[in-house]
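The structure appears below as structure tokens.
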Amino acid sequence: MGKTKPQQLLIDYIISNQENYYRLAYSYVKNRNDALDIVHDSICKAMTTRHTPHKPEEIKPWFYRVVVNTALDFLRKQKSFGLVGEDALELYNSAEDTYEDLDLSKALDSLSPNYRSIIVLRYFEDLKIEDIAAILGENVNTIKTRLYSALKKLRLHLDNEREEV
Amino acid sequence: MNDKKLQELKNDYMNTRIPDELEFTVQKALKEGDKMARKQNMGRKWAGAAVASLLLFTSVLNTSPSVAQALSNVPIITKIVDVLTFQEYHVNEENYKANIKVPEVKGLSNQTLENSLNIKYLEENKKLYQDFIKDIEALKSSDSGGHLGVDSGYEIKTDNDQILSIGRWVVKTAGSAAETIKYDTIDKQNEILITLPSLFKDDKYIKVISENIKKQMREQMQTDTGKIYWVSGTGTDEELFTEPFASIARNQNFYINNSGKLVISFDEYEVAPGCMGVVEFTIPSELISEILVSNEYIK
């Protein structure tokens, strides 16, 4: 049984970009094992859906959407059990540390997943606003508004930190 | 917020440690996903055939006057009704295996019902066998190789004084397997075949039962994260990829279990991913008591 072309494109993408989407998964769950689980489940989901994108450039945003949704699903379920990932715990415990990049990442983590997603996808993954809108299932204007307020919140948080120190 | 800060954050992000197991996890998921996808294709093709043959049978039953007349005959003595293996089909080649068991109902004094069931079972399995032979030949001539298998048999779901429910299952294997199951439920005392619509006053049951099943799906998914159904309103991204379950069919597969509860059955891939297999929902009797013709069978 030969593979159809879109499926082969998807498999190629999955194999050659594993580090990228692993990082994305990790940015949500902050835990190695959970991130690996999300990678695994996302691939299974992507492979079994009926609507695989046909154009190569559509694959990345499409697959990111699967990863983001899987991660959000996971967080939602985890929340209902009241569990927090190891690294997330560590992060809270080390609140006294004053490394600057830790403050920064703490600031980023203090954002709700909705806002954080946008920062991660826009600035770390260098995706276009249109693609982010597609990944998060929102319209472009919503994304722009959220990006603006996410940046504002981030700055506010950092300024507060500095005043405290 | 300046660019430097964002750059720092980005560096942080890019420095996420990549675990050694990642490569392995990805390969494993690709294999599993591929397997599931193949199974899904097979299952879909097969589910269609199963539904078609079931529809054909019910329409024969509904339009044939002799069958209808026979069904209305009420015998005085209930005999022991048995289900036996009538015939078996086997294929045993290196890459192609078939193991088909044809059940036969015996002991009904309503001969027409007995015959019609037995003929149906024989026809069903003959077709299964012939299709399988065709599939093998197609595979052989296309020279693509691969394994094919078909297994079928039956199980008695319920056998008490009143009800006999026979389930016939089929597992088609092409790389991995897809299972379908069909039921016949017989009123042993009155010697009639019970169909789903015949249990209810009107077609309202389709909606009532469908809504209850959706509710059960959502509840199960909430309490057990291992369960997945294709149902709307759960907020999972399963919804993105599949058409959610909307309604049971008028003649949805069902049986009546030993405690007199109506059980609705779905084939593998009908309402859930393959890992869920064949799924069943027991419908609370109090929910449908109002719309049942009588509470003779369902309590």
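Order-wise, the sequence lines are chains A and B. To get our numbering, take the position in the first sequence, counting from 1, and add 32. To get our numbering, take the position in the second sequence, counting from 1, and add 851. Where a beta carbon is used, it is the ideal one built from N, C-alpha and C, also for glycine.
Considering only Val-1144/B, Cys-1126/B, Ile-1142/B, the residue with the shortest C-alpha distance to Ala-1029/B is Cys-1126/B.
By the neighbour-count definition (other C-beta atoms within 10 Å, threshold 16), Arg-1101/B is an exposed residue. With contacts defined by Cβ atoms closer than 7 Å, Asp-44/A and Pro-93/A do not form a contacting pair. Scanning chain B for C-beta atoms nearer than 8 Å to the C-beta of Ala-78/A yields Gly-884, reported in chain order.
Under the 10 Å beta carbon count, Glu-944/B is surrounded by fewer than 16 other beta carbons and is classified as exposed.
For Leu-153/A, there are no neighbours in chain B by C-beta distance under 9 Å, as the nearest C-beta there is about 11 Å away. DSSP, reduced to helix, strand and coil, places Tyr-180/A within a helical segment of the structure shown. Looking at the backbone, the Cα of Arg-64/A and that of Asp-73/A are separated by about 14 Å.
Residue pairing from DSSP places Asn-943/B in a beta bridge opposite Lys-948/B.
A residue is called buried once 16 or more other Cβ atoms fall within 10 Å of its Cβ, and Glu-89/A, having fewer, is exposed.
Identification of chain A residues near Thr-867/B by a Cβ-Cβ cut-off of 8 Å yields Tyr-54, Arg-55, Tyr-58, Ser-59, ordered along the chain. Pairing Tyr-1034/B with Tyr-1106/B gives a Cβ-Cβ distance under 7 Å. Residue pairing by DSSP places Ser-967/B in no beta bridge whatsoever. Proximity of Leu-168/A to chain B, defined by a Cβ-Cβ separation below 7 Å, is not satisfied. When the alpha-carbon of Asn-101/A is set against those of Lys-138/A, Leu-159/A, Tyr-53/A, Arg-82/A, the nearest one is in Tyr-53/A.
Spanning the alpha carbons of Ala-67/A and Leu-143/A requires a straight line of approximately 19 Å. At a C-beta separation below 7 Å, Pro-870/B has these neighbours in chain A: Arg-64, Leu-68. Scanning Ile-1014/B, Thr-963/B, Asp-1054/B, Ile-1045/B for the CA closest to the CA of Glu-1141/B turns up Asp-1054/B. By the rule that beta-carbons nearer than 7 Å mark a contact, Met-1127/B does not touch chain A. Residue range 1136-1139 is occupied by the alpha helix (DSSP H) that includes Leu-1138/B. In the three-state reduction of the DSSP assignment, Ala-1100/B falls in the coil class, being assigned neither a helical nor a strand state.
With respect to Pro-954/B, Tyr-1005/B sits close: the two C-beta atoms are nearer than 7 Å. Sequence-distant partners of Arg-154/A (beyond 5 residues in either direction) whose C-beta falls short of 8 Å from its own C-beta, in its chain, are Ile-161, Ile-164, Leu-179. With contacts defined by Cβ atoms closer than 7 Å, Glu-939/B and Lys-952/B form a contacting pair. Remark: C-beta atoms of Ser-992/B and Val-1021/B do not approach each other more closely than 7 Å. The beta-carbon distance between Ile-1060/B and Ile-1115/B, rounded to whole angstroms, is 6 Å. This is short enough to meet the 8 Å contact definition.
Listed by position along chain A, the residues whose Cβ is nearer than 8 Å to that of Lys-879/B are His-72. The beta-carbon of Thr-876/B is placed less than 7 Å from the nearest beta-carbon of chain A.
For Leu-1138/B, no CB of chain A lies under 7 Å from its own CB, so it is not counted at the interface with that chain. A direct Cα-Cα distance of roughly 41 Å separates Asp-986/B from Asn-1041/B. At a cut-off of 7 Å between C-beta atoms, Met-1072/B does not count as an interface residue with respect to chain A. Going by DSSP, Ser-74/A is part of the alpha helix (DSSP H) stretching over 64-80. According to DSSP, residue pairing for Ala-165/A in a beta bridge does not occur.
Boundaries of the alpha helix (DSSP H) harbouring Tyr-58/A: 50-61, taken from the DSSP string.
Annotation: the continuous beta strand (DSSP E) that includes Ser-1116/B extends over 1113-1117.
Burial is judged here by how many other beta carbons sit within 10 angstroms of a residue's own beta carbon; Glu-988/B has fewer than 16 and is exposed.
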